[in-house]
Structure formats: C-alpha cells, structure tokens
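**Q**
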Amino acid sequence: MIEIHPKEIKGSWDQGYVLDVHTISSTMIGYNEFGHPEFDTVRSPLGELVYRLKYRGDRGAIPSIVEAITGFMKTSGINPDVVVPMPPSKLQRTFQPVIEVGTELAKALGITFNATSLKKSKSTPQMKDVGDFSARVATLEATFLSDRDLEGRSVLLLDDLFQSGATMNVAARTLKRQGLVKSVCALALTRTRN
Numbered sequence: 008m009i010e011i012h013p014k015e016i017k018g019s020w021d022q023g024y025v026l027d028v029h030t031i032s033s034t035m036i037g038y039n040e041f042g043h044p045e046f047d048t049v050r051s052p053l054g055e056l057v058y059r060l061k062y063r064g065d066r067g068a069i070p071s072i073v074e075a076i077t078g079f080m081k082t083s084g085i086n087p088d089v090v091v092p093m094p095p096s097k098l099q100r101t102f103q104p105v106i107e108v109g110t111e112l113a114k115a116l117g118i119t120f121n122a123t124s125l126k127k128s129k130s131t132p133q134m135k136d137v138g139d140f141s142a143r144v145a146t147l148e149a150t151f152l153s154d155r156d157l158e159g160r161s162v163l164l165l166d167d168l169f170q171s172g173a174t175m176n177v178a179a180r181t182l183k184r185q186g187l188v189k190s191v192c193a194l195a196l197t198r199t200r201n
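Numbering (my numbering), first residue to last: 8 to 201.
(1) Rounded to a whole number of angstroms, what is the C-alpha to C-alpha distance between Met35 and Ile9?
(2) If contact is defined by three or more beta carbon pairs under 8 angstroms, each pair taking one atom from either stretch, is the stretch 170–185 in contact with the stretch 146–153?
(3) Tell me the rounded alpha-carbon separation between Ala75 and Ser96.
(4) Using a Cβ cut-off of 9 angstroms (strictly closer), state whether Pro87 contacts chain C.
(5) With Pro52 as the anchor, note down where its alpha helix (DSSP H) starts and where it stops.
(6) Determine the DSSP secondary structure at Ser161, reduced to helix, strand or coil.
(7) According to the Cβ coordinates, are Val108 and Leu196 closer than 9 angstroms?
(8) So, are the CB atoms of Leu157 and Thr174 less than 9 angstroms apart?
(9) Could you tell me whether the Cβ atoms of Phe79 and Leu112 are closer together than 9 angstroms?
(10) Going straight from the alpha carbon of Val191 to that of Pro70, what length do you get?
(11) Give me the DSSP bridge partner(s) of Lys126.
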C-alpha cells in the first residue's frame, strides 16, 4: 500500500479528510515549442496515481487508490452506507475519474454507489479559475440539487482534488438541506499545497 499523509478538513460536513498533497514541488524548467511553460513536478505517491488516472486515462491506478482509501477508512472510523461522487466539472471527459474510483470503492466496501442523487443544475467555471472562497461559494450556491433518495443515509462525499473546499461545502450543505441525509463525510484524495 502507498504511504499517505491524511489531514482533517473542516467544513459543512460531519467529518472531512484529505488523504495527501497532490504535488510536493513544481519547478518551471522552460517553454515548449508552442511557448507554453513546462514544469518539473514531483507528486506524492497518491498524487501520481490521481494524475495518471485523471490526465492519462490510466485505469490501472484505480486499485491502488481504492486500497489507500479503504486502508485509511479502517483506521479513522468512517462508516458510510453510500458513496456519492462530486459531480464532474468537465462533462466532455471520456470517463470521469471520481465516478470510476467511487464505483470501485463502493464495491470494495460492499455499500451502495449513487452518482445520480447529487447533481449540478448548470455548468460553472472550474473553481480554480474563480477568485476567493466566498466568490466560489456564491458561484456554486444555486448550482447543486439533491433528491431525497439518500434521506437518512450516511454519505461519503468523494472528490479527487481539494483546493479551497468551496465546492464540497456547498455539495455537503445541499445533501443535508435538500437530500435530508443523516451525515456527510467529505473525502478528497489530494489537495493543493496552498
């Protein structure tokens, strides 16, 4: 199993964790033939797996990611009865990494996977392109919808990258207010260094 460095995250959820940083360092090394900057990036072991899955389409990374999650869950007292992925921000991807990981995680845990009860009602810009935390929350506030199929359930809300937490905060509030879930545990695989 890969080494991870979990960190508790605070928000509108009952429990929240991020398993590791995404990158350890990133140094600009010059420009490519198109004039775009190039970087020498060192990722955490989990960050490398997430990168391979998300940007290289390497589904072979999924078992190791799931193993890292389940190993952490065994020691942290997280006991959900349903895995809910964060709705994707890029719908044009040929596959959705968080949905892929969530599906396999739910199988490994022997619990339900539900990718339909938490939805985005409209597209938004990627949150990394929106100013500060309050601007992100304002952009997202009317975006999420939750039906009541998860009413009374303990939800593991899964995402791949945690930056400010604005998206997960709004999603968790939506699950509680509209979906009437019993509890939300937010779990992000990796986080930005800032």
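All residues carry an ideal CB built from backbone N, CA and C; glycine is no exception. This structure is a prediction, so every number in the text was calculated from the model and none was measured.
**A** The relevant details are as follows:
(1) 27 angstroms
(2) yes
(3) Straight across, the Cα-Cα distance linking Ala75 with Ser96 is about 24 angstroms.
(4) Here there is only one protein chain, and chain C is not present.
(5) Element bounds for Pro52: Pro52 to Arg63.
(6) Here Ser161 sits in strand by DSSP.
(7) Closer than 9 angstroms, so yes.
(8) No; because the gap between Cβ atoms is not below 9 angstroms, this pair is not in contact.
(9) no
(10) 24 angstroms
(11) Leu152
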